[in-house]
Every structure is written in C-alpha cells, then in structure tokens.
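Heads up: the sequence lines are chains A and B, in that order. For the record, in the first sequence the residue sitting at position 4 is 420 according to the numbering used here, with numbers rising by one throughout. For the record, in the second sequence the residue sitting at position 370 is 372 according to the numbering used here, with numbers rising by one throughout. Let me begin by presenting the structure, written as structure tokens, before commenting on it.
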Amino acid sequence: MIKILISTLLISVVSSLASTVLKAAPATPAMISGNADKGEALYYNHGCYACHGYNGIGKHNLANDVSGIMMSEAVYLIFLRARSELNPPLPTQRMPHYPESSLSDQEALDIYAYIRTFKDTPPEAESNATMRAIINSAQSQAPQ
Amino acid sequence: MANKRTNTPADKGNRISRRGFIGASVVGGATTVLAPAALAGSTGISDKNQPKSTPPSEQKMEREVGSSVPPKPVQSVRRAASDLMVQVLKDLEIEYVALNPGSSFEGLQESLINYGDKPNSMPEVISALHEGSAVDMAHGYGRSEGKPMCALIQGTVGLQNGSMAIYQAFHGQTPLIVLAGNDEHNFLKVHTGEDIAALVRPFTKWDAQPETLEQTLLALQEAYRQTITPPCAPVLVVLNSEIQKQEAGDLQVPIYSPPKISGISQQQADSIAQNLILANNPRISVGRLRTPEGINSAVELAELVAASVQTSATTGPMSFPQRHPLVGPGSNNSYDYHLGLEKAAAQVSITGPDLKSLIERDVAGVRFGWKEDPTLRRGPKPETLISADAEASIPLIVSAVKEQLKASIRKSIAERLQASTKENHVFRMKSLRQAIEKKRPGWNDTPVSLARMYAELWPLIKDLDWCLASPTHFSGRHHRELWDHDKPYSYLGQFPAAALGYGLGSSTGAALAARDRDRIVINIQADGDFNYMPGSIWSAAHHKLPMLIIMHNNRAWHMELMYVQYMAGVRGRGTDRAHIGTTFRDPYINFAKIAEGYGMKSEGPISDPKQMVAALKRGIDAVRNGEPYLIDVLTQPR
Numbered sequence: 417m418i419k420i421l422i423s424t425l426l427i428s429v430v431s432s433l434a435s436t437v438l439k440a441a442p443a444t445p446a447m448i449s450g451n452a453d454k455g456e457a458l459y460y461n462h463g464c465y466a467c468h469g470y471n472g473i474g475k476h477n478l479a480n481d482v483s484g485i486m487m488s489e490a491v492y493l494i495f496l497r498a499r500s501e502l503n504p505p506l507p508t509q510r511m512p513h514y515p516e517s518s519l520s521d522q523e524a525l526d527i528y529a530y531i532r533t534f535k536d537t538p539p540e541a542e543s544n545a546t547m548r549a550i551i552n553s554a555q556s557q558a559p560q
Numbered sequence: 003m004a005n006k007r008t009n010t011p012a013d014k015g016n017r018i019s020r021r022g023f024i025g026a027s028v029v030g031g032a033t034t035v036l037a038p039a040a041l042a043g044s045t046g047i048s049d050k051n052q053p054k055s056t057p058p059s060e061q062k063m064e065r066e067v068g069s070s071v072p073p074k075p076v077q078s079v080r081r082a083a084s085d086l087m088v089q090v091l092k093d094l095e096i097e098y099v100a101l102n103p104g105s106s107f108e109g110l111q112e113s114l115i116n117y118g119d120k121p122n123s124m125p126e127v128i129s130a131l132h133e134g135s136a137v138d139m140a141h142g143y144g145r146s147e148g149k150p151m152c153a154l155i156q157g158t159v160g161l162q163n164g165s166m167a168i169y170q171a172f173h174g175q176t177p178l179i180v181l182a183g184n185d186e187h188n189f190l191k192v193h194t195g196e197d198i199a200a201l202v203r204p205f206t207k208w209d210a211q212p213e214t215l216e217q218t219l220l221a222l223q224e225a226y227r228q229t230i231t232p233p234c235a236p237v238l239v240v241l242n243s244e245i246q247k248q249e250a251g252d253l254q255v256p257i258y259s260p261p262k263i264s265g266i267s268q269q270q271a272d273s274i275a276q277n278l279i280l281a282n283n284p285r286i287s288v289g290r291l292r293t294p295e296g297i298n299s300a301v302e303l304a305e306l307v308a309a310s311v312q313t314s315a316t317t318g319p320m321s322f323p324q325r326h327p328l329v330g331p332g333s334n335n336s337y338d339y340h341l342g343l344e345k346a347a348a349q350v351s352i353t354g355p356d357l358k359s360l361i362e363r364d365v366a367g368v369r370f371g372w373k374e375d376p377t378l379r380r381g382p383k384p385e386t387l388i389s390a391d392a393e394a395s396i397p398l399i400v401s402a403v404k405e406q407l408k409a410s411i412r413k414s415i416a417e418r419l420q421a422s423t424k425e426n427h428v429f430r431m432k433s434l435r436q437a438i439e440k441k442r443p444g445w446n447d448t449p450v451s452l453a454r455m456y457a458e459l460w461p462l463i464k465d466l467d468w469c470l471a472s473p474t475h476f477s478g479r480h481h482r483e484l485w486d487h488d489k490p491y492s493y494l495g496q497f498p499a500a501a502l503g504y505g506l507g508s509s510t511g512a513a514l515a516a517r518d519r520d521r522i523v524i525n526i527q528a529d530g531d532f533n534y535m536p537g538s539i540w541s542a543a544h545h546k547l548p549m550l551i552i553m554h555n556n557r558a559w560h561m562e563l564m565y566v567q568y569m570a571g572v573r574g575r576g577t578d579r580a581h582i583g584t585t586f587r588d589p590y591i592n593f594a595k596i597a598e599g600y601g602m603k604s605e606g607p608i609s610d611p612k613q614m615v616a617a618l619k620r621g622i623d624a625v626r627n628g629e630p631y632l633i634d635v636l637t638q639p640r
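Here is the structure:
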C-alpha cells in the first residue's frame with residue numbers, strides 16, 4: 417500500500433512539475449537519444465496508439481509537446497516506470513504500466529523519439545468552412 | 003410422465019395460470035372479450051419436470067428442409083384464423099412485422115402477405131436474416147417512434163437466437179411485440195416446448211400462450227397494451243401453429259381499448275403548478291418520455307412558466323428539444339424550484355415504474371443487473387419522489403398552471419423567458435466554440451479523426467429530417483455539442499445492455515420508421531458491433547431503407563484491446579501482445595465489399611479525410627433517393 421501511495425504521489429508530482437516547468441521555461445530542444453524509426457513500430461506494437469492516436473492525437477494528446485511529461489527523456493522515463501509499481505485490482509482504461517520487463521529503456525527512448533516527431537497543424541475554426549458553417553448555423557438561431 | 007405445473011410468483015395475486023386463463027375464456031362465446039387481468043400472466047414450469055427432448059427423426063428433418071410433404075393435411079378454410087390475427091395488427095396500426103421464416107407460422111405469414119384490401123401493408127413483412135436482427139429492428143423502431151412493431155420468430159430456436167436482442171430491448175425499456183410460432187404436434191420436438199416463453203420470461207414484461215383463436219386475438223391486443231404501458235418493455239405471444247390455420251367462422255375481432263396510464267393526483271398537480279408559478283427561477287429536468295405527445299406537453303409546461311430546462315436529448319430518444327430557447331442554465335443557476343420529469347431533481351421528481359417492478363418474472367433468480375435506478379444515481383436526491391408516469395402527469399400540471407396563472411405573474415414570467423433565452427444562447431455559443439477548439443486537433447490526420455467525421459456530417463444533414471440511430475459511445479459522441487437534437491428520434495442512445503450486435507439491426511429498424519416519413523437515418527457503425535449480425539445490410543437493401551452507414555473502422559474491439567493492454571502492463575509482460583484476440587488484423591475486414599455482397603451500394607475503405615467528405619456527400623445523396631449506402635472509413639481508434 418505504501419509503495420502504491422508513493423508511486424501515485426510521484427506520478428502526480430512529476431506530471432504537475434513537468435507541466436509547470438514546461439509553461440514557465442523557454443522552449444529548449446530536449447535531448448533525443450532514441451531511434452524514431454524503431455520507435456514508430458514500437459509505438460504501434462505496444463498499443464500507444466490506442467489512447468494517443470496514430471499521430472499523437474487521441475483521447476490524450478501527445479502531438480505538439482502538449483504533455484509536460486514529454487519535456488525530457490528523464491521525466492518521461494520516471495513517469496513510465498513509476499506507474500509500473502501500481503497494481504490496481506481491475507484493469508481500466510487508464511495509462512497502462514510499462515515496466516522494464518515489458519519495455520526496455522532503449523525501446524522506451526525510441527518511442528520517445530518517435531513521439532517527439534508528432535506535429536499537428538489543424539486549421540483555425542474561422543478559416544475552416546466546416547467549422548465556420550457549424551458556428552454560423554448556431555449563431556443564426558440567436559434570439560431576435 | 004405427467005408434467006407438474008408450478009405457479010410463478012407473478013401468477014399470484016391478480017394473475018392466473020395458463021390453465022385458468024384457458025378455462026376462463028373457453029366458456030365465453032365467439033366474441034367474448036376477456037378482462038385484461040385474465041391475460042396478465044403465464045405459467046412457469048419447473049425445469050426438472052420438462053419432458054426430455056429426442057433428436058429429430060429423418061422424416062421430420064426432411065419436412066424441415068422442404069423435401070417432404072407436411073405430415074398432416076392442411077384444410078382449406080373459408081375464413082382463415084390468421085387473417086383475424088392480421089386484422090388485429092392492422093387495427094393496432096402495427097406498421098411492420100420483421101420475420102425470420104420458420105415452420106410454425108406459415109399460416110400467419112400467408113395472411114400477412116395476402117390478407118386484406120392492401121395485402122402486406124400495415125403491417126408489411128420485413129425479411130430478417132436472423133431472429134436477433136428482427137428483434138433489433140423492432141427495438142430501433144420502438145425507440146424511434148415510441149410505439150411497437152412486431153418480430154415474428156420460430157419456436158424455441160428462434161426465440162433463443164432472438165433472446166439477446168430481447169434482453170437488450172428490455173433494458174432499453176422499449177415497446178415491442180415478439181410473436182413466436184409454436185407447433186406442438188407435427189414438428190421437430192426440439193423446436194417446441196410446453197412453455198417456451200419461459201426462455202425469455204426474466205427479461206420480458208408479459209407473455210401469453212393462448213390456446214384458442216379468441217384468446218389469441220385478445221392476447222395480441224393485451225400485448226400491445228402491456229408493451230406501451232410503463233415500464234415499457236418487450237412482450238411475447240406464443241402462437242399455436244394449428245390455431246393459425248383454423249376456420250375462423252363468424253368470430254369477430256374484439257374491440258380494442260387503450261390502456262389507462264395514471265399520472266399524479268390532481269392535488270399533487272396543483273401543488274407542483276403553484277410552486278412552478280411562485281418560483282423566481284424554476285427549472286425542469288426532462289429525461290426520456292414515452293411518446294412525442296409527451297414532449298409537446300413538456301414544452302408547453304416549460305414555456306408557460308419560463309423554466310430553464312435540462313434535456314436528455316443528447317443521450318437518448320424522447321426528450322426535450324436540445325435547441326429550444328429554454329434549454330440551458332437560464333439567466334442564473336440558483337434554482338429555487340426544480341422539477342424532474344423521469345429525471346432526478348432537487349424538489350420533486352416524477353418517475354414512472356422501472357424494470358424492478360417486473361422482478362417477480364425472474365423465476366430463475368438470475369437477477370440480471372438489478373442495481374440502483376440509474377436515473378436517480380447521479381442527480382440530486384429529491385425532497386419528494388413521486389412514483390407516477392411523468393408523461394401522463396404533465397397535462398395535469400399544465401392545466402393546473404393555466405388555472406392558477408394570474409396576470410400579475412405573467413409579466414415576470416415573460417421577462418424571465420426573455421432573459422433565459424438570451425443567456426442560454428450566449429451559453430450555447432460559448433460551449434460550441436470551446437467544443438470546436440477541442441475537436442480541431444488531428445483535423446487533417448490520416449486515418450480520419452472521429453471528431454472531424456461528426457463535424458463534416460452536420461452541414462450535410464442539418465436541413466434534413468434525420469435520426470442518429472447508432473450508439474455513439476465508442477466513436478466519441480461528438481454529435482452532442484455539434485448537432486441539434488430537436489426531434490424525439492434525433493438520437494436513439496447507447497447500447498441499453500452494453501451488448502454488441504445491436505447497432506446495425508436497430509438502425510435498420512429506425513430506418514423502417516424513417517422510410518415513409520421523408521427522414522434519413524445515420525448509423526455510425528462500430529466495426530466490432532457490425533460483425534455479429536451483418537445480415538441487416540441485406541434487409542436494408544432489399545427494403546430500400548434510407549440508412550447511411552459510416553463505418554467507425556478502427557480494426558479492433560478497441561475497449562477490450564485497452565483492457566488487455568492494461569492487464570499486461572500490470573503484470574509486467576507482453577504489452578506488445580494485447581492485440582491477440584482483440585483486433586481484426588491479418589486479414590483486415592473490407593466492409594464495403596461485405597455490403598456490396600449483400601447488395602448495398604458502398605465505397606471504401608477511406609482513410610483520407612478529404613476523400614471522406616466527398617464520400618459523405620455521395621452517401622447522403624443516395625440515401626435521400628431511397629437507397630441505403632455504406633462508407634467504410636478507417637478512423638483513429640477513438
């Protein structure tokens with residue numbers, strides 16, 4: 417129980433600190449030591465796409481460095497490993513555990529390198545015909 | 003071996019056993035009408051006392067495959083008994099009977115297709131390729147229209163094939179009538195039983211196994227009454243094969259009397275009306291009502307007192323129009339009187355009977371999913387909970403409000419209406435912009451983003467009469483913020499029993515409802531769900547149903563994939579093997595080709611969003627011209 421509590425706390429602190437640092441610090445290129453090509457296959461085979469989408473946009477977005485956890489390899493690895501100490505009684509749809517017995521450090525860093533290649537450039541709502549049509553349709557129902 | 007009959011708990015009180023039921027009716031004349039209570043129950047039979055089945059003989063098997071003449075000559079009749087059964091269905095305005103053919107209802111089927119001035123019309127026979135599909139069609143139709151259609155299926159085997167779909171409709175509290183043929187004498191014994199309704203009794207509301215034509219006609223009428231009376235749920239009539247073929251003689255169809263569904267008392271209506279009128283900021287939460295008429299009454303009530311409204315229209319059918327000016331938080335969220343109509347509310351909740359009231363039919367004690375009432379689980383606990391049908395209660399409250407409303411109060415109500423309307427629109431636009439901001443990411447992704455799929459659909463259908471028939475939980479439910487759910491059938495809701503194999507059949511049923519009403523049906527079809535009973539594709543093509551199927555093809559039972567993946571992680575091994583048994587890889591399934599094989603126009607697989615937009619336009623055009631269409635879209639997982 418204590419182990420779980422510590423792990424939970426650690427994840428929470430890492431996530432929170434990473435987000436804070438990411439927002440406050442100027443963007444500096446993080447070291448990327450993994451192989452993105454190998455990471456692409458691992459990202460698919462280990463099911464990262466299940467929640468994060470094939471291109472880093474999904475239930476939990478990774479593209480465009482939106483996650484503080486991705487700010488550095490070290491933070492990412494701490495997050496990944498700390499979770500493996502958690503053993504909830506039932507499987508859920510939360511972030512799965514990736515202990516070293518499932519995914520080696522090198523494999524994890526390859527995935528990290530691949531994730532860092534994700535870039536998403538969606539159109540702005542006002543410049544997209546579909547989104548504009550949806551907004552205009554709603555606006556047209558404004559009370560007189 | 004003599005069969006020992008044992009009464010179920012449901013047979014006690016005002017219910018009678020099957021023998022009692024028979025005895026009560028045969029003494030009457032040809033036009034005798036039984037009291038509804040006499041039809042209210044069937045006999046449960048102890049399993050251990052059931053006769054043992056034996057394998058079919060060779061002759062019987064030959065009869066089944068059509069290579070042998072029936073063992074008993076069929077008499078020609080002047081006036082077929084099954085014609086009267088069809089007349090009852092016509093009088094009840096049953097539009098469709100979805101059937102999977104069986105050798106125990108050829109009498110009724112012949113009447114369905116040949117009897118009357120306009121044979122095979124009201125009801126029209128719909129060909130289903132599986133009994134589950136037939137029941138799912140009736141389920142989708144019932145959710146869409148708030149009234150039943152029939153599913154006609156064969157004896158013990160058809161009933162068991164259809165049982166999962168009946169179970170789903172039961173938890174969906176949907177009105178539908180299952181008719182099961184039963185040939186006790188001249189047929190495969192394994193297709194028959196003495197009390198075949200017992201197979202589904204724990205998850206049906208009512209059943210009957212009439213043994214005369216008069217009883218059958220009355221049972222069909224009672225089935226209709228039962229299924230539309232809350233709690234709405236599937237009902238079953240077992241139709242004796244021999245009775246269908248009898249001479250009806252001068253027997254007349256009994257006069258049908260609709261059920262009396264009671265609401266709250268006049269005193270309660272007066273009190274609620276007074277509180278609504280005196281409140282400075284009243285609110286009404288509307289859940290799922292029974293019929294479109296109920297929605298109209300709810301709208302009238304909300305407008306009379308200018309209450310802000312919370313609707314369930316984005317989670318299921320038969321609720322308050324989502325874009326009505328009163329829907330939203332209102333000018334402020336300090337509500338001083340909160341009324342719930344089939345929904346939890348702070349002061350008063352009016353909630354009709356739920357499925358718990360049928361628990362006595364669960365004679366085997368399975369206790370399928372009996373938990374707390376989900377409608378009350380998440381909301382506030384009301385000061386007063388009134389057990390009464392909300393839809394039947396609203397007109398009483400409306401009348402009471404009209405009587406009590408004084409001119410002095412009308413002015414403040416008008417002012418509140420104006421303020422609420424304005425604030426609700428501001429709230430809506432703010433929510434919409436926030437929603438779009440969340441749906442922008444991944445817009446240009448390949449495979450297609452599900453948010454974009456829903457967004458691109460809306461401008462194409464917004465000016466049409468549409469029904470989103472498929473469950474959308476797995477595809478992100480993006481319609482909730484982007485689309486306008488203003489009709490009773492705008493969205494038919496989730497899988498009521500969370501069981502797959504439902505979306506395609508139920509959407510086909512919704513398309514039956516849509517076909518002659520200048521409406522189209524959108525089915526965003528999960529790939530895993532599709533594969534259970536794909537035969538509805540053929541039914542939709544054959545009957546030219548206006549259904550656009552857009553595959554949410556993520557090539558997996560994706561939720562289960564994530565569960566196994568998580569479990570592997572917990573155990574620290576093989577997270578790269580979670581796809582085993584959870585995905586459709588090697589080979590991939592080509593849904594467009596499946597549709598083509600069943601005779602439905604289709605295209606795909608498509609993974610480029612720009613191609614998808616063009617395909618959606620083609621699909622909408624086809625459906626508007628009365629042709630179902632399938633687009634196989636490769637999507638992001640969620």
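Glycine is no exception: its CB is placed at the ideal position from the N, C-alpha and C atoms.
Exposed or buried, which one is residue i when buried takes at least 16 other CB atoms within 10 Å?
i	result
B:V438	According to the sequence as given, residue 438 of chain B is Ile; it is not Val. B:I438 is buried by the Cβ-count criterion.
B:L280	exposed
A:T537	exposed
B:G367	exposed
B:G628	exposed
B:N335	exposed
B:I411	exposed
B:G583	exposed
B:K247	buried
B:P236	buried
A:E542	exposed
B:D85	buried
B:E249	exposed
B:T386	exposed
B:N282	exposed
In the DSSP assignment, what residue or residues form a beta bridge with residue i?
i	result
B:A210	B:V239
A:H476	For A:H476, which the question treats as bridged, DSSP gives no partner whatsoever.
B:Q527	B:M553
B:H132	According to DSSP, B:H132 bridges with nothing at all.
B:S287	B:Q312, B:G342
B:A82	B:E249
B:V450	B:T637
B:Q156	B:G183
B:L470	B:Y493, B:I524
B:Y98	B:E126
Out of the options, which one is the CA nearest neighbour of residue i?
i	options	result
A:L458	A:S483, A:D521, A:A446	A:D521
B:L341	B:A309, B:I622, B:A409	B:A309
B:E224	B:E112, B:A594, B:I257, B:L253	B:I257
B:R579	A:A549, A:H462, A:E456, A:E542	A:H462
B:P125	B:H132, B:L101, B:L357	B:L101
A:P539	B:D447, B:E112, B:L343	B:D447
B:P639	A:Y492, A:Y470, A:H513, A:I485	A:Y470
B:N555	B:L462, B:Y590, B:I263	B:Y590
A:Y492	A:S449, A:H476, A:Q557, A:Y528	A:Y528
Return the Cβ separation of residue i and residue j in integer angstroms, given the expectation that the two are a contact with Cβ distance under 8 Å.
i	j	result
B:P284	B:V307	6 Å
B:A515	B:M549	Wrong, their Cβ atoms sit about 11 Å apart, outside the cutoff.
B:A594	B:D634	4 Å
B:V403	B:A275	4 Å
So the alpha helix (DSSP H) residue i belongs to, where does it begin and stop?
i	result
A:C467	465-468
B:V615	611-626
B:Q496	Careful: B:Q496 lies outside any alpha helix (DSSP H) and carries neither H nor E.
B:I608	Unbroken run through B:I608 is the beta strand (DSSP E), 603-608; no alpha helix (DSSP H).
Considering just the uninterrupted stretch of the beta strand (DSSP E) at residue i, what are its terminal residues?
i	result
B:A182	178-184
B:I388	386-389
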